[in-house]
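Comments concern the structure below.
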Amino acid sequence: MNESQHSPIRTLVVVDDNRLGGCPRRIFHPQGEPLMQVSDEILKCVAFLSCLTAAGQEDRGTAFFVSQTFPGGQPGEGVLFAVTAKHVIDKAKSKGTDGKVYFRLNRKDGNAEYVAIPVTDWVKHPKTSADVAIATIDLDFLVYDHLSIPQKMFVSDPQETAHGIGPGSDLFFPGLFVRHKGTKSNIPIIRTGTIAAMPIEPIETDQGTVRAYLAEARSIGGLSGSPVFTHLGLNYTTPIHFLGLVKSHYDIEDCLDVSKQINMGIALVVPDDDILELLNSDVFDPARKAAQDESAERRRKLLPKDD
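Under the numbering used here, the first residue of the sequence shown carries the number 3, and numbering increases by one thereafter.
This is how it looks when you write it as structure tokens:
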């Protein structure tokens with residue numbers, strides 16, 4: 003082969019990656035190449051939801067994990083929440099036969115496993131305009147290959163400043179594609195798009211009035227409940243923050259056939275402050291107190307004992 007035909011050798015080097023909410027971490031990456039693709043860790047934040055029917059497991063949508071720490075807490079301590087769209091849980095309740103919602107989780111051994119919690123464990127946002135449901139969940143991260151989204155990644159988190167997000171800002175969301183969810187393990191897909199309109203005024207839908215971002219991105223049924231992320235800048239090397247969750251897509255009636263509907267390529271995204279409102283409500287105070295008490299007890303046991 004002619005020397006001019008040789009491609010450059012791609013060498014892995016350790017680089018600083020601050021894309022996930024500005025949280026620094028060190029990763030292996032090809033030397034001299036920009037951090038353009040979506041971080042693989044984003045895919046580990048989601049699980050697939052289903053309910054048990056007479057025909058077996060029936061896919062319902064996507065959930066994602068959010069972690070909330072407390073003052074003085076050590077890394078890894080805090081409360082773990084599962085978040086999805088309220089209508090996903092409603093459908094699981096009406097379609098399921100055993101009163102449970104199932105998470106399809108990836109194990110670190112490469113296999114998927116179903117883990118169930120009672121449908122009554124889910125707390126729904128009291129506002130009809132907020133399509134949000136949250137449950138506390140206990141996962142062994144030594145067994146399951148998943149990650150959580152820290153609250154500091156939320157665009158509206160009080161610790162964060164204004165980021166200048168607006169129409170035209172890029173966004174993406176991982177979630178379930180029911181036609182190819184993976185046989186051995188979950189295979190989330192990534193949808194990309196842009197913010198089309200900010201949640202300034204209520205939006206009229208078939209399900210009532212909602213407050214949501216409009217996103218120029220096609221949504222499909224399995225993506226309901228998916229987390230939506232945005233780049234805070236003009237390129238893909240800037241930090242990634244959590245914007246909200248996928249509610250649904252906007253349908254319009256076909257003007258030639260009123261019996262059909264068209265997915266016009268606009269997705270409705272529930273703003274992250276609606277999620278924060280429920281997440282920080284007093285309904286989850288017992289879970290937060292239990293986590294703090296457990297942390298305090300763990301530290302007490304580590305203290306040297308008097309002879």
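For each residue, glycine too, the CB sits at the ideal point set by N, CA and C.
Only a predicted model underlies this, so the values are computations on that prediction, with no experimental measurement involved.
Beta-carbon proximity of residue i to residue j, cut-off 7 Å
{"i": "Val-81", "j": "Asp-276", "result": "no"}
{"i": "Ala-198", "j": "Leu-216", "result": "yes"}
{"i": "Val-125", "j": "Val-285", "result": "yes"}
{"i": "Ser-158", "j": "Asp-274", "result": "yes"}
{"i": "Thr-55", "j": "Thr-99", "result": "yes"}
{"i": "Glu-218", "j": "Thr-196", "result": "yes"}
{"i": "Ile-151", "j": "Val-68", "result": "yes"}
{"i": "Gly-227", "j": "Ala-84", "result": "no"}
{"i": "Val-230", "j": "Asp-61", "result": "no"}
{"i": "Val-248", "j": "Ala-269", "result": "yes"}
{"i": "His-127", "j": "Leu-280", "result": "yes"}
Limits of the unbroken alpha helix (DSSP H) element including residue i
{"i": "Pro-277", "result": "The question names Pro, but residue 277 in the sequence shown is Ile. Unbroken alpha helix (DSSP H) run through Ile-277: 274-281."}
{"i": "Glu-296", "result": "287-304"}
Buried versus exposed call for residue i [16 or more other C-beta atoms within 10 Å across all chains shown]
{"i": "Tyr-116", "result": "exposed"}
{"i": "Phe-72", "result": "exposed"}
{"i": "Ser-52", "result": "buried"}
{"i": "Leu-245", "result": "buried"}
{"i": "Ser-250", "result": "buried"}
{"i": "Thr-211", "result": "exposed"}
{"i": "Ala-57", "result": "exposed"}
{"i": "Pro-288", "result": "exposed"}
{"i": "Pro-176", "result": "buried"}
{"i": "Lys-88", "result": "buried"}
{"i": "Gly-63", "result": "buried"}
Neighbourhood of residue i by C-beta distance below 7 Å, restricted to the same chain and skipping five residues each side
{"i": "Leu-107", "result": "Ala-49, Ala-114, Glu-115, Val-117, Tyr-146, His-148"}
{"i": "Gln-294", "result": "Phe-72"}
Close beta carbons around residue i, own chain, < 8 Å, minus the five adjacent residues each side
{"i": "His-182", "result": "Ile-189, Ile-191"}
{"i": "Gly-112", "result": "Lys-186, Ser-187"}
{"i": "Leu-278", "result": "Gln-153, Phe-156, Ser-158, Asp-159"}
Range covered by the beta strand (DSSP E) that runs through residue i
{"i": "Ile-139", "result": "Run containing Ile-139: none; DSSP gives neither H nor E here."}
{"i": "Ala-114", "result": "114-120"}
{"i": "Leu-107", "result": "102-108"}
6 Å Cβ shell around residue i - same chain, five flanking residues per side excluded
{"i": "Ile-222", "result": "none"}
{"i": "Lys-303", "result": "none"}
{"i": "Thr-194", "result": "Phe-174"}
{"i": "Gln-70", "result": "Gly-80, Val-81, Gln-153"}
{"i": "Ala-132", "result": "Asp-276"}
{"i": "Gly-78", "result": "none"}
{"i": "Ile-91", "result": "Trp-124, Ala-135"}
Curious, which full-length alpha helix (DSSP H) runs of at least 4 residues does the segment 40-90 contain?
Those alpha helix (DSSP H) runs which fall completely within the segment 40-90 and span 4+ residues are 42-45.
Segments of 3+ residues assigned as beta strand (DSSP E) that fall wholly inside the segment 166-241
As far as the segment 166-241 is concerned, its whole beta strand (DSSP E) runs of at least 3 residues are 172-177, 191-199, 205-207, 210-212, 215-218, 229-233.
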